[in-house]
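Asker: In the working numbering, the protein residues as written are 93 to 438.
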Ligand code: DAH
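Listed below in structure tokens is the structure:
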């Protein structure tokens, strides 16, 4: 075999070893490229005498054609292999049954919200809805939490803007601003009547705080409650809670206690704890709500006389109630949208 036949062999071998189009083009460059071996041979022709040049030139051109043919064959083989692989990967089995769309179901937290509304509804509470982008005034100031009040730092707030007639806008950090919005409307509606009907309302909805871990999500739910009359006491609130929790958890076997606490908009304030008499959480006190007698400053912001109108407010977390009801230990599961988790609640 002469040197030229050897070169053709070597090139064919290189091309065969290239398994991708890119590798094949690299191999091509080593022979036919600007600095390739065939190109090099052609360049060296110039130094030969005229008669030798003619013979050698014809031989090299033949080699070049054979290498180009080998390259072309390999290009085609690689393209066919690629198409084959693609067809295999995209194989469509028309005999398979179609993918069905199963019937949907309510999100577990939505189920809790509906239950909360139904139970309080049966006790004569109205259900109110309000804005999630809230004025600073309703979210804080009207609730006896003026600017620079240390209690503001209890909430890690998402601010939207800081200017506006009512102190700028924020994503409400709790549903408590609905106390003021609802009460003001109620008072206006009944202005002039000899006897103002009691205010009895719950306001469930989304709330927001800069917070995220197994038990906190930046978006979470709260349900506010407000009950204002001329003769409402802690005793009434306790009875309402007892009724609510027994219905919500579908058991009479639970205890309720008020534990002294602090909220700027109530005085006195209490955390509400419940304990189940049986089940996996048996005997454990679980915090389920905040509550208290509405602070006179807040009653004044309702447009009412705190000497005459008295009442209670409470706030609870439907997410937490849902976790307790179904035994879920990570709040984030509710918001990841994983159907394997969610479809268990249908
Ligand atoms: N707004 C309170 C919070 O987000 C919860 C709360 C506590 C609401 C006591 C109330 C209340 O109405 O009386 O932490």
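Glycine residues also receive a C-beta, built at the ideal position from the N, C-alpha and C atoms. Predicted model only: the values in this text are computed from it and were never measured.
I'd like the list of long-range same chain contacts for residue 351, defined as Cβ closer than 7 Å, with 5 residues on each side in sequence excluded.
Answerer: The residue given as residue 351 occupies position 259 in the chain shown. Closer than 7 Å at Cβ, skipping near neighbours: 362, 363 and 365.
Asker: What first and last residue would you give for the alpha helix (DSSP H) that runs through residue 98?
Answerer: Your numbering for residue 98 matches position 6 in the chain shown. Taken as a continuous stretch (DSSP letters only), the alpha helix (DSSP H) holding residue 98 covers 95-109.
Asker: Closest to residue 211 by CA distance: which of 293, 298 and 182 is it?
Answerer: Taking the chain shown and counting its residues from 1, the one referred to as residue 211 is at position 119. Selected option, being the one with the closest Cα: 293.
Asker: Quick one: complete alpha helix (DSSP H) runs, 4+ long, within the segment 206-281?
Answerer: Correct list: 228-231 and 269-281.
Asker: Suppose you measure from the CA of residue 409 to the CA of residue 273; what does that come to, to the nearest Å?
Answerer: For the purposes of this step, residue 409 is identified with residue 317 of the chain shown, where counting begins at 1. For the purposes of this step, residue 273 is identified with residue 181 of the chain shown, where counting begins at 1. Between residue 409 and residue 273, the C-alpha separation is close to 20 Å.
Asker: Between residue 191 and residue 434, what straight-line distance do the alpha-carbon atoms span, to the nearest angstrom?
Answerer: Counting from one through the chain shown, the residue named residue 191 turns up at place 99. Counting from one through the chain shown, the residue named residue 434 turns up at place 342. Taking the straight line joining both Cα atoms gives about 19 Å.
Asker: Using only the heavy atoms of ligand 1, determine whether one of them is closer than 7 Å to the beta carbon of residue 325.
Answerer: As a first step, residue 325 is located in the chain shown; it is residue number 233 there, counting from the start. Because no heavy atom of ligand 1 lies under 7 Å away, the Cβ of residue 325 does not count as near it: no.
Asker: What are the boundary residues of the alpha helix (DSSP H) that residue 290 is part of?
Answerer: Stepping through the chain shown from its first residue, residue 290 is reached at position 198. No alpha helix (DSSP H) holds residue 290; DSSP gives it neither H nor E.
Asker: Using only the alpha-carbon positions, how far apart do residue 425 and residue 266 sit?
Answerer: In the chain shown, counting from the first residue as 1, residue 425 sits at position 333. In the chain shown, counting from the first residue as 1, residue 266 sits at position 174. So the alpha carbons of these two residues sit roughly 21 Å apart.
Asker: With respect to 7 Å, is the separation between the Cβ of residue 316 and the closest non-hydrogen atom of ligand 1 below this value?
Answerer: Working through the chain shown from its first residue, we reach residue 316 at position 224. Under cutoff, so the answer is yes.
Asker: What did DSSP end up calling residue 190 once you bin it into helix, strand or coil?
Answerer: Sequence index remark: in the chain shown, residue 190 carries index 98 (1-based). Coil, per DSSP.
Asker: Got a sec? Which residues, its chain only, sit under 7 Å from residue 207 by beta carbon, not counting five neighbours each side?
Answerer: Along the chain shown, read from residue 1 onward, the residue named residue 207 stands at position 115. The residues are 340.
Asker: When you compare the CB of residue 229 with every CB in chain B, is at least one pair closer than 8 Å?
Answerer: Here there is only one protein chain, and chain B is not present.
Asker: If you draw a straight line from the C-alpha of residue 390 to the C-alpha of residue 347, how long is it?
Answerer: In the chain shown, residue 390 corresponds to position 298, counting from 1. In the chain shown, residue 347 corresponds to position 255, counting from 1. In a straight line, the C-alpha of residue 390 is about 30 Å away from that of residue 347.
Asker: Go to residue 332, then tell me how far its alpha helix (DSSP H) extends in each direction, as first and last residue.
Answerer: Taking the first residue of the chain shown as position 1, residue 332 is located at position 240. Residues 326-340.
Asker: Are the Cβ atoms of residue 262 and residue 228 separated by less than 8 Å?
Answerer: The residue labelled residue 262 in the question sits at position 170 within the chain shown. The residue labelled residue 228 in the question sits at position 136 within the chain shown. Yes.
Asker: Among 414, 243 and 271, which one has its Cα closest to the Cα of residue 385?
Answerer: Position 293 of the chain shown holds residue 385. It is 271 whose Cα lies nearest to the Cα of residue 385.
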